[in-house]
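Novice: Dropping a structure here in structure tokens format, bear with me for questions.
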């Protein structure tokens, strides 16, 4: 059994993408802010004025702190857009940030569709691949507010598409596009340097015939490396005064900082500091939060590719060639190598882990493509049609369940766990670890109370300061954030424990007032002081 194109495919695809876009622009204001958003926004503003000073010849400030060396690939253009639209309220700026982040993600979905279509020669497979990405509740929710991990995921898709095009046609246009997208992923995150390096290595091997080295290939590799760093230099103001030393310093500082972040994770029913979390933390989070139908076909695809290339390596000694037979297989090997190598690097060298597996979200498009390989294999097996039909029915049922779940618990898709794990996971894992639900309880408090100012305090590992930024300037004045819970009119708990000094609610002083419940589990509870 196979899925083929048909005459109505184009109309279906147009409607499909229109629905995604309309959904996005309809809900982008519904999501909260993360703990890091304000830091990155202010860094973007800092570099906005830094650029002005740079070109006006003024004395430049010191840039040795971690935040000043961090990339501003998303934040700096956002500041320019905010200035262009004359947005001065943080509510306007962050709503703009949410819609921009989603639009970039949306464009990446189009490129993912194009990549899968070129690889599988099927519009249906391409649509299924895009659906697999957008239907994942956590990915969908974070496509609005996660301007680090989902933004990086989008850049990886652009780079994968560029790599595939360059592999099959190494003209200057594709070379330029691959160089530019490589610059984007390297600049956006430290780990972004891995995919381009892996690709260039395999590209070299793919064109190596015996002991003969193709000079054109070496020339292309040299030009790509040069252009990649040229684009990085142009986009990263921190490098302008001292490109080499500042790049190495920033690379070292960001790598070190990633291993020193200290928070408390609730994982498998126990508490772990982020520097002592078990090695399987990200893997289990992935298994528990990925839709079941994607997991099923991804596992099949992973086993197939692993077996295929293991046989290919055994064949090298006989025919003295590569373990792949054509460019399409080389690209498959590139995907598999990225998945294995980056997962290994992350577990080996990134010793501080938190926030689920979001730091590895950029591997998800790769897993989607691998799952399509598993789906294609499964559908081509000589099973009775009834078995194929049954599997497809189960997959469609899973998609319908996820869609209904996402609609029912919108906008809290960030606490989704799949059907297999949710009964256990929702009681044994962190839920709203970024405090995204805080804005919703603040709005509820505003709606139901008319005495001002209202004193609020957070008793868990969260920050109300960032959430208040999503209110208009007039409503901001109605709140006072108290850092001593005993002085607050309302105390807010998103159930993320602190490393130390956790506050216990005195039931004689405070009464449960309101809570947000997802899948029968509270993710945020508000207590009101008794009169």
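In our numbering, the protein residues as written are 82 to 612. Heads up, the beta-carbon is just placed ideally off N, CA and C, and yes, glycines get one too. Only a predicted model underlies this, so the values are computations on that prediction, with no experimental measurement involved.
Rounded to a whole number of angstroms, what is the C-alpha to C-alpha distance between residue 422 and residue 225?
Specialist: 29 Å
Novice: Which residue marks the beginning of the beta strand (DSSP E) containing residue 546, and which one marks its end?
Specialist: No beta strand (DSSP E) holds residue 546; the alpha helix (DSSP H) holding it covers 545 to 549.
Novice: With a cut-off of 8 Å on the beta carbons, I'd call residue 37 and residue 521 a contact; round off their distance for me.
Specialist: No answer is possible for residue 37: it lies beyond the span of the chain, which begins at 82 and ends at 612.
Novice: Rounded to whole angstroms, what's the CA-CA distance from residue 572 to residue 228? Just pull it up for me.
Specialist: 29 Å
Novice: Kindly confirm or deny that the segment 500 to 508 and the segment 363 to 383 touch, where touching means at least three C-beta pairs closer than 8 Å.
Specialist: yes
Novice: Does the segment 372 to 380 come close enough to the segment 437 to 456 to have 3 or more Cβ pairs within less than 8 Å?
Specialist: yes
Novice: Three or more C-beta pairs closer than 8 Å, one from the segment 138 to 157 and one from the segment 116 to 127: is that the case here?
Specialist: yes
Novice: Using a threshold of 8 Å, state whether the C-beta atoms of residue 162 and residue 181 are closer than that.
Specialist: Between residue 162 and residue 181, the C-beta spacing is below 8 Å.
Novice: Assign residue 514 to buried or exposed, taking buried as 16 or more other Cβ atoms, counted over all protein chains shown, within 10 Å of its Cβ.
Specialist: buried
Novice: For residue 413 and residue 386, what's the separation of their Cα atoms in angstroms?
Specialist: 8 Å
Novice: List the endpoints of the continuous alpha helix (DSSP H) containing residue 476.
Specialist: 466 to 489
Novice: Ignore the nearest five residues each way along the sequence and tell me which others in residue 187's own chain have a CB closer than 7 Å to its CB.
Specialist: 101, 102, 105
Novice: Ordered along the chain, which non-local residues of its own chain (more than five positions away) have a Cβ less than 6 Å from that of residue 128?
Specialist: 153, 157, 318
Novice: At the level of alpha carbons, what is the spacing between residue 160 and residue 397?
Specialist: Each residue's alpha carbon lies about 53 Å from the other.
Novice: Can you list, in chain order, the residues of its chain with a C-beta nearer than 8 Å to that of residue 83? Leave out the 5 residues immediately preceding and following it.
Specialist: Interpretation of residue 83 is limited by its pLDDT of 46, a score under 50 that renders its predicted location unreliable; the figure taken from the coordinates is listed afterwards. Answer for residue 83: 457, 460, 461, listed in chain order.
Novice: Taking a contact to mean a Cβ-Cβ separation below 8 Å, would you say residue 602 touches residue 507 in this structure?
Specialist: yes
Novice: Using alpha carbons as the reference points, say which of 363, 289, 345 lies closest to residue 405.
Specialist: 289
Novice: Sorted by chain position, which residues of the same chain lie with C-beta nearer than 8 Å to residue 475's C-beta, five sequence neighbours on each side aside?
Specialist: 374
Novice: Alpha carbons only, please: which of 430, 272, 529, 510 is nearest the one belonging to residue 443?
Specialist: 272
Novice: Taking the straight line between their C-alpha atoms, what separation do you get for residue 346 and residue 392?
Specialist: 41 Å
Novice: Grab me the residues of residue 531's own chain with a C-beta within less than 7 Å of its C-beta, minus the 5 sequence neighbours each way, in chain order.
Specialist: Cβ within range, chain order: n/a, list empty.
Novice: For residue 309, I'd like the list of residues in its chain whose CB is within less than 6 Å of its CB, leaving aside the five on either flank, ordered along the chain.
Specialist: 260, 263, 264
Novice: Give the single residue among 243, 268, 544 whose Cα lies nearest to the Cα of residue 281.
Specialist: 243
Novice: What separation, rounded to the nearest whole angstrom, lies between the Cα atoms of residue 542 and residue 523?
Specialist: 17 Å
Novice: Run the CB neighbour count on residue 418, radius 10 Å, all protein chains shown included, and call it buried at 16 or more, exposed below.
Specialist: Looking at its Cβ environment, which holds 16 or more other Cβ atoms inside 10 Å, residue 418 is buried.
Novice: Considering just the uninterrupted stretch of the beta strand (DSSP E) at residue 351, what are its terminal residues?
Specialist: 351 to 354
Novice: Within this structure, are the beta carbons of residue 217 and residue 189 separated by less than 8 Å?
Specialist: Not a contact, by the Cβ cut-off of 8 Å.
Novice: Report buried or exposed for residue 143, applying the criterion of at least 16 other Cβ atoms within 10 angstroms of its Cβ.
Specialist: Exposed: under 16 other Cβ atoms inside 10 Å.
Novice: Quick one: does the C-beta of residue 260 sit closer than 7 Å to a heavy atom of the ligand FAD?
Specialist: Questions concerning the ligand FAD fall outside what the structure shown contains, since it holds no ligand whatsoever.
Novice: Considering Cα atoms alone, identify which of 312, 540, 562 is closest to residue 584.
Specialist: Selected option, being the one with the closest Cα: 540.
Novice: Should residue 581 be labelled buried (16 or more other beta-carbon atoms within 10 Å of its own) or exposed?
Specialist: exposed
Novice: Scan the segment 536 to 598 and note each continuous alpha helix (DSSP H) run of 4 residues or more that stays entirely inside, going in chain order.
Specialist: Listed in chain order, they are 545 to 549, 554 to 557.
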